[in-house]
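Undergrad:
2 protein chains.
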Amino acid sequence: MLSTTRTTKDAALRLAAARLRENRAAVFAANEADLDAARAAGLPAPLLARLGYGEKKLQESVAMLGALAALPDPAGRVLEARRLDTGLLLRRVSCPIGLVALVFESRPDALVQMAGLAIKSGNAIIVKGGREAEHTNRALSSIVAGAGVDAGLPDGWLGQLETRGEVAELLALDQYVDLVIPRGSNEFVRHIKDTSRVPVLGHADGVCHVYVHADADLDMAARIVTDSKVQYPVACNAAEVLLVDAAIAGRALPRLVASLESAGVALELCSRSYALVGAGPGRVLKGDGDWSVEYLDYRMAVRVVDSLEEAIAHINRYGSGHTDAIVCTMPETARRFMDEVDSASVFHNASTRFADGYRYGLGAEVGISTGKLHARGPMGMDGLMTYKWKLEGHGHVVADYASGTKVFEHADIDASMEAGDGHL
Amino acid sequence: MLSTTRTTKDAALRLAAARLRENRAAVFAANEADLDAARAAGLPAPLLARLGYGEKKLQESVAMLGALAALPDPAGRVLEARRLDTGLLLRRVSCPIGLVALVFESRPDALVQMAGLAIKSGNAIIVKGGREAEHTNRALSSIVAGAGVDAGLPDGWLGQLETRGEVAELLALDQYVDLVIPRGSNEFVRHIKDTSRVPVLGHADGVCHVYVHADADLDMAARIVTDSKVQYPVACNAAEVLLVDAAIAGRALPRLVASLESAGVALELCSRSYALVGAGPGRVLKGDGDWSVEYLDYRMAVRVVDSLEEAIAHINRYGSGHTDAIVCTMPETARRFMDEVDSASVFHNASTRFADGYRYGLGAEVGISTGKLHARGPMGMDGLMTYKWKLEGHGHVVADYASGTKVFEHADIDASMEAGDGHL
Numbered sequence: 065m066l067s068t069t070r071t072t073k074d075a076a077l078r079l080a081a082a083r084l085r086e087n088r089a090a091v092f093a094a095n096e097a098d099l100d101a102a103r104a105a106g107l108p109a110p111l112l113a114r115l116g117y118g119e120k121k122l123q124e125s126v127a128m129l130g131a132l133a134a135l136p137d138p139a140g141r142v143l144e145a146r147r148l149d150t151g152l153l154l155r156r157v158s159c160p161i162g163l164v165a166l167v168f169e170s171r172p173d174a175l176v177q178m179a180g181l182a183i184k185s186g187n188a189i190i191v192k193g194g195r196e197a198e199h200t201n202r203a204l205s206s207i208v209a210g211a212g213v214d215a216g217l218p219d220g221w222l223g224q225l226e227t228r229g230e231v232a233e234l235l236a237l238d239q240y241v242d243l244v245i246p247r248g249s250n251e252f253v254r255h256i257k258d259t260s261r262v263p264v265l266g267h268a269d270g271v272c273h274v275y276v277h278a279d280a281d282l283d284m285a286a287r288i289v290t291d292s293k294v295q296y297p298v299a300c301n302a303a304e305v306l307l308v309d310a311a312i313a314g315r316a317l318p319r320l321v322a323s324l325e326s327a328g329v330a331l332e333l334c335s336r337s338y339a340l341v342g343a344g345p346g347r348v349l350k351g352d353g354d355w356s357v358e359y360l361d362y363r364m365a366v367r368v369v370d371s372l373e374e375a376i377a378h379i380n381r382y383g384s385g386h387t388d389a390i391v392c393t394m395p396e397t398a399r400r401f402m403d404e405v406d407s408a409s410v411f412h413n414a415s416t417r418f419a420d421g422y423r424y425g426l427g428a429e430v431g432i433s434t435g436k437l438h439a440r441g442p443m444g445m446d447g448l449m450t451y452k453w454k455l456e457g458h459g460h461v462v463a464d465y466a467s468g469t470k471v472f473e474h475a476d477i478d479a480s481m482e483a484g485d486g487h488l
Numbered sequence: 065m066l067s068t069t070r071t072t073k074d075a076a077l078r079l080a081a082a083r084l085r086e087n088r089a090a091v092f093a094a095n096e097a098d099l100d101a102a103r104a105a106g107l108p109a110p111l112l113a114r115l116g117y118g119e120k121k122l123q124e125s126v127a128m129l130g131a132l133a134a135l136p137d138p139a140g141r142v143l144e145a146r147r148l149d150t151g152l153l154l155r156r157v158s159c160p161i162g163l164v165a166l167v168f169e170s171r172p173d174a175l176v177q178m179a180g181l182a183i184k185s186g187n188a189i190i191v192k193g194g195r196e197a198e199h200t201n202r203a204l205s206s207i208v209a210g211a212g213v214d215a216g217l218p219d220g221w222l223g224q225l226e227t228r229g230e231v232a233e234l235l236a237l238d239q240y241v242d243l244v245i246p247r248g249s250n251e252f253v254r255h256i257k258d259t260s261r262v263p264v265l266g267h268a269d270g271v272c273h274v275y276v277h278a279d280a281d282l283d284m285a286a287r288i289v290t291d292s293k294v295q296y297p298v299a300c301n302a303a304e305v306l307l308v309d310a311a312i313a314g315r316a317l318p319r320l321v322a323s324l325e326s327a328g329v330a331l332e333l334c335s336r337s338y339a340l341v342g343a344g345p346g347r348v349l350k351g352d353g354d355w356s357v358e359y360l361d362y363r364m365a366v367r368v369v370d371s372l373e374e375a376i377a378h379i380n381r382y383g384s385g386h387t388d389a390i391v392c393t394m395p396e397t398a399r400r401f402m403d404e405v406d407s408a409s410v411f412h413n414a415s416t417r418f419a420d421g422y423r424y425g426l427g428a429e430v431g432i433s434t435g436k437l438h439a440r441g442p443m444g445m446d447g448l449m450t451y452k453w454k455l456e457g458h459g460h461v462v463a464d465y466a467s468g469t470k471v472f473e474h475a476d477i478d479a480s481m482e483a484g485d486g487h488l
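Chains as they are written, first to last, in our numbering: chain W, 65 to 488; chain A, 65 to 488.
Dropping the structure here:
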């Protein structure tokens with residue numbers, strides 16, 4: 065895969081799209097079998113909807129593969145170039161990581177997306193989809209894997225696992241597998257993280273905060289807090305905790321609580337906020353409870369804080385480093401919040417729900433990482449790339465520089481030239 | 065540390081340099097105590113030299129701290145900027161990783177270098193030096209830590225561990241420590257990698273290769289192979305294995321062997337190369353032995369391979385992903401080698417010994433990573449940096465985009481503006 069050209073990769077993407085269209089009947093039949101089994105097992109409607117792979121999902125997959133083929137090649141980009149000496153040219157060049165395992169639950173369309181990203185990035189992949197989508201995944205991966213090989217990718221570029229036992233074995237093979245990206249429930253991702261010897265990129269928790277500062281515009285604050293909580297409460301970037309500055313809590317809390325409650329949100333209140341808004345339906349006194357709960361539901365914790373510093377300290381202590389927002393007017397206040405909150409995404413006067421690869425304009429989202437190494441926050445195809453150092457000389461040896469016969473020039477040069485150009 | 069300004073960081077570096085000069089007598093006395101103990105324990109001369117911290121080393125430390133103060137701030141660089149919509153600006157901004165542990169053996173000057181890099185990058189650090197340098201390290205870290213605090217860094221920005229038990233405890237604290245960078249012997253680094261829950265960047269092995277292709281210039285090949293082996297054999301980037309193409313082995317091997325043997329290198333030969341060069345002093349028949357040995361000595365393994373493909377396969381199977389070089393004339397041959405060898409550094413017609421942060425022009429070298437995530441190969445201060453996503457809006461909510469009331473613009477904008485600029 066490391067030496068696959070852009071032409072081959074794009075041909076593989078287009079052939080995979082064509083084969084999906086040609087073999088739609090077989091895919092739909094496989095999906096019907098999965099749906100029948102899921103209905104028989106009494107799966108709830110939202111999970112059935114995620115499991116379905118019909119004409120609309122197929123068209124989306126085909127369009128996604130076509131869009132990937134149209135993108136520039138993420139491999140072979142010169143990220144940095146330096147002439148170390150006459151005839152001795154160093155370049156740092158992007159390249160695929162190698163073998164990436166993508167482990168996810170349910171959604172069969174994710175399998176096609178991951179396979180497409182693997183082709184374009186030049187990585188070999190191993191995919192493991194949800195057991196409920198067993199027949200659909202098998203049909204899709206067989207079509208896409210075959211199209212890749214027929215277009216010139218090496219045999220075995222796409223591997224599929226089907227059981228949890230196979231995943232457990234894979235997570236021990238750190239000498240072969242470079243990276244695991246799990247997507248799914250908290251418990252699922254945490255289990256992968258806890259048991260893997262292979263590096264894992266992703267996030268288990270999304271305990272996101274909105275902090276309403278003393279100088280906030282209260283209409284804006286209500287709009288942002290409510291959108292952050294209810295626009296899609298099961299998402300990892302939905303807010304779970306509202307922090308309100310004590311200086312405006314008396315005015316702000318009734319307004320914020322009214323907005324949230326009219327959207328159907330139940331509230332767990334600290335003793336100070338409970339004292340300010342009083343009892344009511346759906347309100348409970350949280351007191352000194354656990355501030356790291358990810359509700360993923362129409363439920364939110366509320367706490368009064370005495371200062372910007374206390375808000376930052378609360379978030380850094382109880383948050384998950386995912387996405388946190390401040391609503392405030394003064395730019396200096398926003399700057400301090402955004403610098404000192406140690407999270408992947410830090411927002412000023414915007415809903416936490418914007419933390420997403422598509423909304424960030426990254427194209428397909430490979431995942432969202434709450435780790436700080438390699439990739440942080442929403443990651444696009446760049447998360448599947450690494451780099452290597454390429455040095456081209458004309459017989460250069462270090463002894464000449466150690467003896468002082470030669471001295472390094474270390475001249476940075478324009479990195480926009482193509483990789484593979486001749487010597488400079 | 066996350067919000068420390070460039071002014072404070074550079075003042076801390078300069079104050080640390082001044083305090084080192086002022087307190088040189090105490091440092092030298094502490095170093096004498098370490099040297100006395102080391103001599104009493106019978107430490108060999110090269111280790112005593114590494115342990116010594118006299119006037120010359122102190123001047124180097126002072127110069128290094130001054131050079132760091134003169135560098136641009138690695139934090140706050142805008143790496144990517146995109147207007148998501150009117151008044152909604154997304155920026156990806158470099159920032160320190162957080163808390164980094166630097167664990168190394170012996171050399172007390174490394175402690176000052178690591179502390180300087182931590183200040184400039186804005187990371188809090190925990191250092192653990194070698195037990196032999198106990199008194200010197202204690203004196204140096206106390207001077208540098210105090211200078212940092214006096215210049216405005218937060219108390220506790222530099223922590224020091226002294227025992228292996230403390231290191232073992234630290235490696236379990238993945239909720240607090242973001243990264244461990246170990247430097248030292250293979251066994252030492254491998255032990256850290258095997259026992260750490262905290263991510264580790266570094267390299268345990270340097271099994272580097274030079275492959276002499278069929279169309280190689282033999283004078284150049286002899287020069288590169290010999291420099292790669294003997295210029296400093298104990299370095300991780302010294303070559304351990306010579307691969308020679310069968311098509312020229314009959315002509316090339318006598319020439320290469322003569323060059324290596326005249327530099328004092330003992331050879332372990334595969335059966336084909338042994339048949340070609342015959343028996344001799346310092347030559348042993350390796351046969352089908354272990355091809356992954358890191359000699360770190362005047363000793364090299366030699367193998368005849370039948371093709372470029374076999375050379376690449378050998379390196380990818382037995383190498384350590386550190387640094388590998390080809391000597392050849394045809395650019396297309398070099399391109400294939402450099403694309404398909406899965407190592408951090410891949411060289412054409414240059415000695416493996418160039419794989420080094422200083423020679424690459426990276427400034428101070430934080431370490432060399434053979435992993436593929438976050439940083440690969442020689443890493444400079446960039447290895448201590450991550451990034452966060454900063455989104456600045458004016459009350460923007462996702463509901464407007466979900467309903468179609470607003471649409472994303474996703475306009476890439478010039479990222480060269482300063483972080484902290486106002487809204488666009």
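No residue lacks a Cβ here, since even glycine has one placed at the ideal position from N, Cα and C.
(1) Who are the near neighbours of A:D309 in its chain, counting only those whose CB is closer than 7 Å to its CB and skipping five residues on each side?
(2) Do the region 288-304 of chain W and the region 200-216 of chain W make contact, defined as three or more Cβ pairs closer than 8 Å?
(3) Under 7 Å, do A:S337 and A:L317 count as touching if we go by C-beta distance?
(4) What residues of chain W sit near A:N87, judged by a beta carbon separation below 7 Å?
(5) Would you say W:P160 faces chain A, with C-beta separation under 7 Å as the test?
(6) When you compare each of W:L129, W:L79 and W:D354 to W:A38 by their alpha carbons, which one comes out closest?
(7) Between which two residues does the beta strand (DSSP E) carrying W:Y451 extend?
(8) Using Cβ-Cβ distances below 7 Å, what residues of the region 290-313 of chain W are close to chain A?
(9) If the cut-off is 7 Å on Cβ atoms, which residues from the region 255-269 of chain A count as contacting chain W, listed in chain order?
(10) What are the residues that DSSP puts in a beta bridge with W:C300?
(11) What is the DSSP secondary structure of W:H378, reduced to helix, strand or coil?
(12) Do we get a CB-CB distance below 7 Å when we pair A:R83 with the residues of chain W?
(13) On the DSSP bridge assignment, give the partners of A:A165 in chain order.
(14) Where are the beta strand (DSSP E) runs, 3 residues long or more, that stay fully inside the region 296-357 of chain A, in chain order?
(15) Between the Cα of W:E198 and the Cα atoms of W:R261, W:A408, W:K470 and W:L99, which residue gives the shortest distance?
(16) I want to verify the contact list: residues of chain A whose CB lies under 9 Å from the CB of W:R400, in sequence order.
(17) Say whether chain W places a C-beta atom closer than 7 Å to the C-beta of A:M128.
(18) At a CB distance below 7 Å, what residues from the region 432-466 of chain A approach chain W? Give them in sequence order.
(19) When the distance is taken between beta carbons, is W:V191 closer than 7 Å to W:M178?
(20) Using beta carbons (cut-off 7 Å, strictly below), is A:N496 in contact with chain W?
(21) Give a yes or no on whether the C-beta atoms belonging to W:V253 and W:S384 are separated by under 7 Å.
(22) For the beta strand (DSSP E) holding W:R156, just list the boundary residues, first then last.
(23) Count the CB pairs spanning the region 93-112 of chain A and the region 132-151 of chain A that are closer than 8 Å, and state whether there are at least three.
(24) Sorted by chain position, which residues of the same chain lie with C-beta nearer than 8 Å to A:D242's C-beta, five sequence neighbours on each side aside?
(25) Going by alpha carbons, who is nearest to A:G248 out of A:D219, A:A232, A:G223 and A:A299?
(26) Check whether the region 440-456 of chain A and the region 468-478 of chain A are in contact - that is, three or more C-beta pairs closer than 8 Å.
(27) Going by beta-carbon coordinates alone, are A:S433 and A:L306 separated by less than 7 Å?
(28) Could you tell me the alpha carbon to alpha carbon distance between A:A81 and A:E124, rounded to whole angstroms?
(29) W:D403: buried (16+ other C-beta within 10 angstroms of its C-beta) or exposed?
(30) Using a Cβ-Cβ cut-off of less than 9 Å, give me the residues of the region 386-411 of chain A that come near chain W, in sequence order.
(31) Runs of 4 residues minimum, wholly inside the region 216-277 of chain W: which ones carry the alpha helix (DSSP H) assignment?
(32) If we cut at 7 Å on Cβ distances, does W:N413 have a partner in chain A?
(33) Tell me whether A:F472 sits in a helix, a strand or coil according to DSSP, three-state version.
(34) Check the Cβ-Cβ distances between W:G425 and every residue of chain A, and say whether any is below 7 Å.
(35) When the distance is taken between beta carbons, is W:N187 closer than 7 Å to W:L372?
(36) Between which two residues does the beta strand (DSSP E) holding W:N413 run?
TA: Based on what the coordinates show:
(1) These residues qualify, in order along the chain: V276, H277, A278 and V369.
(2) With the cut-off at 8 Å, the region 288-304 of chain W and the region 200-216 of chain W do not touch.
(3) Yes; because the gap between Cβ atoms is below 7 Å, this pair is in contact.
(4) For A:N87, none of the residues of chain W pass the 7 Å Cβ criterion, the least Cβ distance being about 33 Å.
(5) At a cut-off of 7 Å, the C-beta of W:P160 has no neighbouring C-beta in chain A.
(6) Chain W is shown only over 65 to 488; residue 38 of chain W falls outside these bounds and no answer can be derived.
(7) Under the DSSP assignment, W:Y451 falls in the beta strand (DSSP E) whose first and last residues are M449 to H460.
(8) Residues of the region 290-313 of chain W that bring their beta carbon within less than 7 Å of a beta carbon in chain A comprise D291 and Q295, in sequence order.
(9) So the list reads P263, given in the order they occur along the chain.
(10) Beta-bridge annotation (DSSP): W:C300 is not paired with any residue.
(11) DSSP places W:H378 in helix when its eight states are reduced to three.
(12) Taking Cβ atoms only, chain W never reaches closer than 7 Å to A:R83, which makes this a no.
(13) Partner(s): A:I190 and A:V244.
(14) Runs found: 303-309, 330-333 and 347-349.
(15) Of the listed residues, the one whose Cα sits closest to W:E198 is W:L99.
(16) What W:R400 touches in chain A: S67.
(17) No, no contact with chain W.
(18) Of all residues in the region 432-466 of chain A, only K436, L437, H438, R440, G441, T450, Y451, K452, W453, K454, L455, E456, G457, H458, G459, H460, V461, V462, A463 and A466 place a beta-carbon less than 7 Å from a beta-carbon of chain W.
(19) W:V191 is positioned such that its CB atom lies closer than 7 Å to that of W:M178.
(20) Residue 496 of chain A lies beyond the residue range present for chain A, which begins at 65 and ends at 488; the question has no answer from this structure.
(21) Not closer than 7 Å, so no.
(22) Taken as a continuous stretch (DSSP letters only), the beta strand (DSSP E) holding W:R156 covers L152 to P160.
(23) As far as the Cβ criterion goes, the region 93-112 of chain A does not touch the region 132-151 of chain A, which means the pair count is below three.
(24) Cβ within range, chain order: I161, G162, L163, V164, V262 and P263.
(25) Comparing alpha carbon positions, the residue from A:D219, A:A232, A:G223 and A:A299 closest to A:G248 is A:A299.
(26) Counting Cβ pairs under 8 Å, fewer than three are found: no touch.
(27) Going by C-beta atoms, A:S433 is not nearer than 7 Å to A:L306.
(28) Cα to Cα, A:A81 sits roughly 10 Å from A:E124.
(29) The residue in question, W:D403, is buried, as its Cβ has 16 or more Cβ neighbours within 10 Å.
(30) Here the close residues are T387, A389, V391, P395, A398, R399, R400, M402, D403, E404, V405, D406, S407, A408, S409, V410 and F411.
(31) Whole alpha helix (DSSP H) segments, 4+ residues: 228-234 and 250-259.
(32) By the rule that beta-carbons nearer than 7 Å mark a contact, W:N413 touches chain A.
(33) Three-state DSSP puts A:F472 in coil, outside helix and strand.
(34) Contact of W:G425 with chain A is assigned, a C-beta pair being separated by under 7 Å.
(35) With contacts defined as CB atoms closer than 7 Å, W:L372 and W:N187 fail to qualify as a contacting pair.
(36) Counting along the chain, the beta strand (DSSP E) containing W:N413 begins and ends at S409 to A414.
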